[in-house]
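**Q** Here you go, one structure.
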Ligand SMILES: Cc1ncc(COP(=O)(O)O)c(C=O)c1O
Ligand SMILES: Cc1ncc(COP(=O)(O)O)c(C=O)c1O
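Chains as they are written, first to last, in full-length UniProt numbering: chain A, 1 to 489; chain B, 1 to 489.
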């Protein structure tokens, strides 16, 4: 690589990383020459190369500027929620979101639905059909309260990949991860208690806390490394917190994977303050890295971690097959499971167990991981292309959710209402906060098929965001982003 | 009919109704002759006829006695639970009962499982298989939070038979009646509140109340006419009760159908004291009378009745398809449904909707009604044959549960332990009480196939009961029965 190519690569990286923002003026040729100890002409050649790549644009008599939106938008800065227990609000908007998810005329950019159309899922249809043809009487009868043994065996086996040594008897099958979370939350606390959560947090979890009259303390969370342990420790010192709920692997909505060291530190902290950890691993299998990341449960020594998951994101949510490995809370969880739903539908459990047993699960998982990773590239490209500058975008490490932060004054609710005319729906950020924060954020689901229609939808959303941003000064956002970036430093 | 035949029929009826108990001495020939104004020889001829039918036995120099156990045992008297709010106990025994229900070596006389082997259920298998073959994408995706529209339509249509005018939008599909009850209870009260229940009450409902920290006041309940309105009124005057839960049609465990006038009176009382009624209709379709009895919901004017039901007892519990028509509590119920399980499995909902739509439901229901009614006759006969005298047995008007009351000092738990050796399981009465009452009662499920094995099991239970009863004086029970009977007037 020649000197000027080397310099061009370096500059391109800086633009990519958002160090030079879209529209920003680049250093003068003279100052770069001095900074890097290269000749003026080397800098000029480097700038030429970047110009060819359309990364920068020369402006007569003013020098070079970063081509708007050719810089990769920065990641959202660490969040700063209110640091005191609050009650969860926002049910009406959640209801609106989940009610709209079956509206076939609307493009569901806001839903949490996976892609269930890939060919690797096909064997499931055959299995369901065969089970019915065989008239397996178990399908019609009440199931064991723990769940179908064959499924619990498969779940225990799958858990090995996340580092867990579980026996089938450590697992209780539930009606989706929803029920797993619901029984776990009630197993570890009472109405009026306080639970700590990441901020932002999946709205289903928020609503569950609301429904049981539990107060929530939202902990600052970094979009790359996860919940702030420093802030959590402060909160634990100050408030009688009973448990912390985290989605450490392929977080919804931020997409991060918590580094193992931080998972360990979180567990130590839980031991130290004697609180429970509810670990929601519903997207964990969809990490783009291989092998998949460890669960906190795998590090658990004294049964204080309740691992909740389901096949909803990996296979199909309509099956409503989830589970919880509740550690020392097994008895309470069994009681709560019994009074919530009695037992779980037998047929779907048998079908999932058979799908895994016949060896269809791993190929399907590989397919979905690759599929979502590819979709992420395309959606990221679209967002850079169609959205205005001055926004922050998460860099998901798994799953299929993208979090976009717009300038402080932006109103995503209004955006959503506006998009309704175009039959497009997004998830507004405020759903992910107990107190309606993140009104300036939105979550996009990139499990959607990559089609011209989807691209058009992204273009429409981007244009609507741009129109709305004209009314609110982007500078505020950029300032906050830089503050955030330096905080993370 | 001749005079002596007429008299014999009258005496046989009295024996049948338990007015003359097994082993009891019948009136002398002379006194009957005087009572009925017939000749001595007519009475003698009548007694001869009854002797031929083995209903009575002559004893030299003492007269005639009712052949032991040829009298139909009396129904259980009205219950007399403690009349103050208590906390529910008994979870361990419930867990034992539900855990044992999948033990294939054990004859499940205690379970709540219906017969799912009748040919009229066969179309369901075909429907499930077809749905999978068609690869209906709805099966894999999150359902509407209300439930599949096609199913809600069918449920609304079915509800007409119980007198209800419901629209599909009045109905929320749930994961079995368990979830319907669970969300209904939480929709109408808070932890620490008091709810009134029939006594005895289905143990699942009891455990749900326990799980949500709700206190229970058990109301005396008559095995023929249902909850005592007089006792309920007293309780409502004395305690801040939030709701009453009833199973007015084909009650579990007592089997009664509450007369319509009493249903109306209960509703008026609820209006007067402004409380909610949670009406569990899970067995209502299985009434032996036709058309089926009205629901209290059908009389509701201001949305205070939450009607809960499922296909578990009529079709198959493994499907976990239930529903609630929550009246004015719709919004709260939706929220609680969402946080409990998210949505209900789509596939089983579609299958049930299709089963009804194709017209398989009514023939199946007719079949099951007749089947259970026939089984009731046979099981009643077995109980009369194999059980000792001095017991009370319910006269179910629908469903497939029989309640047997043994002398006060009887210990059904011990009986259950003893029966374990014979691989037979019964339901002990104490599960149906908040405070462990009814230790001297047991519930039998007569949905079981009528086979020599089942008859042998009844014989074994009967013999074990007889052995145990030797240790406890039956007279106490008989006295209570008579007291009860007179109370009922
Ligand atoms: C983080 C998280 N947990 C749990 C769930 C619920 O999963 P399930 O559909 O299995 O109930 C979701 C789905 O949106 C989720 O995003
Ligand atoms: C009175 C009563 N209600 C509700 C239920 C639970 O029904 P499901 O299986 O639909 O949850 C039962 C089952 O035992 C019952 O007896």
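Beta carbons: idealized from backbone N, C-alpha and C, even for Gly.
Since we're looking at a predicted model, the values are computed, not measured.
Would the beta-carbon of residue 43 (chain A) be found less than 7 Å away from any heavy atom of ligand 1?
**A** Residue numbering aside, residue 43 (chain A) sits at position 43 when the first chain is read from its first letter. False, no ligand heavy atom lies under 7 Å from that Cβ.
**Q** May I have the straight-line CA-CA distance separating residue 238 (chain B) from residue 280 (chain B), to the nearest angstrom?
**A** Here residue 238 (chain B) corresponds to residue number 238 of the second chain, with the count starting at 1. Here residue 280 (chain B) corresponds to residue number 280 of the second chain, with the count starting at 1. Cα-Cα distance, rounded: 25 Å.
**Q** Between which two residues does the beta strand (DSSP E) harbouring residue 164 (chain B) extend?
**A** Residue numbering aside, residue 164 (chain B) sits at position 164 when the second chain is read from its first letter. Note, residue 164 (chain B): premise wrong, no beta strand (DSSP E); not H, not E.
**Q** Per DSSP, what kind of secondary structure is residue 108 (chain A) in: helix, strand or coil?
**A** The count along the first chain starts at 1 and reaches residue 108 (chain A) at position 108. The answer is strand: DSSP assigns residue 108 (chain A) an E or B state.
**Q** How big is the Cα-Cα spacing for residue 351 (chain A) and residue 135 (chain B)?
**A** Taking the first chain and counting its residues from 1, one reaches residue 351 (chain A) at position 351. Taking the second chain and counting its residues from 1, one reaches residue 135 (chain B) at position 135. Answer to the nearest angstrom: the Cα atoms are 14 Å apart.
**Q** Whether or not the stretch 321–336 of chain A and the stretch 185–201 of chain A are in contact is what I'm after, with contact meaning three or more pairs of Cβ atoms, one per stretch, closer than 8 Å; do they touch?
**A** With the cut-off at 8 Å, the stretch 185–201 of chain A and the stretch 321–336 of chain A touch.
**Q** At least one CB of chain A closer than 8 Å to the CB of residue 466 (chain B): is that the case?
**A** Residue mapping note: residue 466 (chain B) aligns to position 466 of the second chain, counting from 1. Taking Cβ atoms only, chain A never reaches closer than 8 Å to residue 466 (chain B), which makes this a no.
**Q** Can you name the start and end residues of the beta strand (DSSP E) that residue 370 (chain A) belongs to?
**A** In the first chain, residue 370 (chain A) corresponds to position 370, counting from 1. From DSSP, residue 370 (chain A) is part of no beta strand (DSSP E) but of the alpha helix (DSSP H) over 361–386.
**Q** What residues of chain A sit near residue 4 (chain B), judged by a beta carbon separation below 9 Å?
**A** In the second chain, counting from the first residue as 1, residue 4 (chain B) sits at position 4. By Cβ distance, chain A contributes nothing, its closest Cβ being about 53 Å from residue 4 (chain B), past 9 Å.
**Q** Using 8 Å as the threshold, is the stretch 192–199 of chain A in touch with the stretch 218–226 of chain A, meaning 3 or more CB pairs across them?
**A** With a cut-off of 8 Å, the stretch 218–226 of chain A and the stretch 192–199 of chain A count as touching, because enough Cβ pairs lie within range.
**Q** Quick one: is residue 495 (chain A) buried, meaning 16 or more other Cβ sit within 10 Å of its Cβ, or exposed?
**A** No information on residue 495 (chain A) is available, as it lies outside the stretch 1 to 489 that chain A covers here.
**Q** So, are the CB atoms of residue 110 (chain B) and residue 356 (chain B) less than 8 Å apart?
**A** Translated into the one-based positions of the second chain, residue 110 (chain B) becomes position 110. Translated into the one-based positions of the second chain, residue 356 (chain B) becomes position 356. Not in contact: residue 110 (chain B) and residue 356 (chain B) (Cβ atoms no closer than 8 Å).
**Q** What do you get for residue 335 (chain A), buried or exposed, if any count of 16 or more other CB atoms within 10 angstroms of its CB means buried?
**A** Working through the first chain from its first residue, we reach residue 335 (chain A) at position 335. Label assigned to residue 335 (chain A): buried.
**Q** If you drop the 5 nearest sequence neighbours on each side, which residues of the same chain put their C-beta closer than 8 Å to that of residue 194 (chain A)?
**A** Taking the first residue of the first chain as 1, we reach residue 194 (chain A) at position 194. Cβ within range, chain order: 85, 214, 215, 216, 217, 239, 240, 241 and 242.
**Q** Taking the beta carbon of residue 252 (chain A) as the centre, do at least 16 other beta carbons fall within 10 Å, making it buried, or is it exposed?
**A** Counted from its first residue, the first chain places residue 252 (chain A) at position 252. Residue 252 (chain A) should be labelled buried.
**Q** Could you pull the DSSP bridge partners for residue 143 (chain A) from this structure?
**A** Locating residue 143 (chain A) in the first chain gives position 143, where the first residue counts as 1. Answer by DSSP bridge pairing: none, since residue 143 (chain A) is not bridged.
**Q** How about residue 249 (chain A) and residue 295 (chain A): are their beta carbons less than 8 Å apart?
**A** As a working mapping, residue 249 (chain A) is identified with position 249 in the first chain. As a working mapping, residue 295 (chain A) is identified with position 295 in the first chain. In this structure, residue 295 (chain A) lies closer than 8 Å to residue 249 (chain A) by Cβ.
**Q** Can you tell which of B:428, B:393, B:381 and B:467 has its C-alpha closest to the C-alpha of residue 78 (chain B)?
**A** Along the second chain, one-based indexing puts residue 78 (chain B) at 78. The residue with the shortest Cα to Cα distance from residue 78 (chain B) is B:393.
**Q** Applying the 10 Å Cβ sphere with the 16-neighbour rule, what's the burial state of residue 414 (chain B)?
**A** Start at 1 with the first residue of the second chain, and residue 414 (chain B) comes out as number 414. The residue is exposed, with fewer than 16 neighbouring Cβ atoms inside 10 Å.
**Q** Would you check if there are 3 or more beta carbon pairs closer than 8 Å linking the stretch 365–384 of chain B to the stretch 427–436 of chain B?
**A** With the cut-off at 8 Å, the stretch 365–384 of chain B and the stretch 427–436 of chain B do not touch.
**Q** At a Cβ threshold of 8 Å, is residue 140 (chain B) touching chain A?
**A** The count along the second chain starts at 1 and reaches residue 140 (chain B) at position 140. Yes, its Cβ sits closer than 8 Å to a Cβ of chain A.
**Q** I need the straight-line Cα distance from residue 151 (chain B) to residue 126 (chain B), nearest angstrom please.
**A** The residue you call residue 151 (chain B) lines up with position 151 of the second chain. The residue you call residue 126 (chain B) lines up with position 126 of the second chain. Spanning the two alpha carbons is a distance of roughly 18 Å.
**Q** Using a threshold of 7 Å, is the CB atom of residue 282 (chain B) nearer than that to any non-hydrogen atom of ligand 2?
**A** Sequence index remark: in the second chain, residue 282 (chain B) carries index 282 (1-based). Yes, the beta carbon of residue 282 (chain B) sits closer than 7 Å to at least one heavy atom of ligand 2.
**Q** Sorry if obvious, but does the Cβ on residue 295 (chain A) come closer than 7 Å to a heavy atom of ligand 1?
**A** Within the first chain, numbered from 1, the residue matching residue 295 (chain A) stands at position 295. No, since every heavy atom of ligand 1 falls outside the 7 Å radius drawn around the Cβ of residue 295 (chain A).
**Q** Does the stretch 271–290 of chain B come into contact with the stretch 392–407 of chain B, if we say contact requires no fewer than three beta-carbon pairs (one atom in each stretch) closer than 8 Å?
**A** Touching, yes.
**Q** Compare the C-beta of residue 453 (chain A) against all C-beta atoms of chain B and say whether one is closer than 8 Å.
**A** Start at 1 with the first residue of the first chain, and residue 453 (chain A) comes out as number 453. Output row for residue 453 (chain A): interface = no.
**Q** Taking 8 Å as the CB-CB limit, is residue 87 (chain B) close to chain A?
**A** Here residue 87 (chain B) refers to the residue found at position 87 of the second chain. So, not an interface residue.
**Q** Residues of chain B with CB under 9 Å from residue 345 (chain A), in chain order?
**A** Residue mapping note: residue 345 (chain A) aligns to position 345 of the first chain, counting from 1. Correct list: 175, 176, 318, 319, 320, 321, 344, 345, 347 and 348.
**Q** DSSP puts residue 58 (chain B) in a beta bridge; with which residues?
**A** On the second chain, residue 58 (chain B) is found 58 positions in, with the first residue counted as 1. Note: residue 58 (chain B) sits in a beta bridge opposite B:64.
**Q** Which residues of chain B have a Cβ atom closer than 8 Å to the Cβ of residue 491 (chain A), listed in chain order?
**A** This structure leaves residue 491 (chain A) out entirely; chain A is present only between 1 and 489.
**Q** Any heavy atom of ligand 1 within a distance shorter than 7 Å of the CB on residue 110 (chain A)?
**A** By one-based count along the first chain, residue 110 (chain A) stands at place 110. No, since every heavy atom of ligand 1 falls outside the 7 Å radius drawn around the Cβ of residue 110 (chain A).
**Q** How is residue 221 (chain A) classed by DSSP in three states: helix, strand or coil?
**A** Along the first chain, one-based indexing puts residue 221 (chain A) at 221. Reduced to three states, the DSSP call for residue 221 (chain A) is strand.
**Q** So with CB distances below 9 Å, who are the chain A contacts of residue 252 (chain B)?
**A** For this step, residue 252 (chain B) is matched to residue 252 along the second chain. Chain A residues near residue 252 (chain B): none, gap ~14 Å exceeds 9 Å.
**Q** With a Cβ-Cβ cutoff of 8 Å, do residue 141 (chain B) and residue 317 (chain A) count as a contact?
**A** The sequence position of residue 141 (chain B) within the second chain is 141, counting from 1. The sequence position of residue 317 (chain A) within the first chain is 317, counting from 1. Yes, these two residues count as a Cβ contact at 8 Å.
**Q** Do the stretch 157–173 of chain B and the stretch 110–121 of chain A make contact, defined as three or more Cβ pairs closer than 8 Å?
**A** With the cut-off at 8 Å, the stretch 157–173 of chain B and the stretch 110–121 of chain A do not touch.
**Q** Under 7 Å: does the beta carbon of residue 317 (chain B) sit that close to some heavy atom of ligand 2?
**A** Position 317 of the second chain, counted from the first residue, corresponds to residue 317 (chain B). Yes, the beta carbon of residue 317 (chain B) sits closer than 7 Å to at least one heavy atom of ligand 2.
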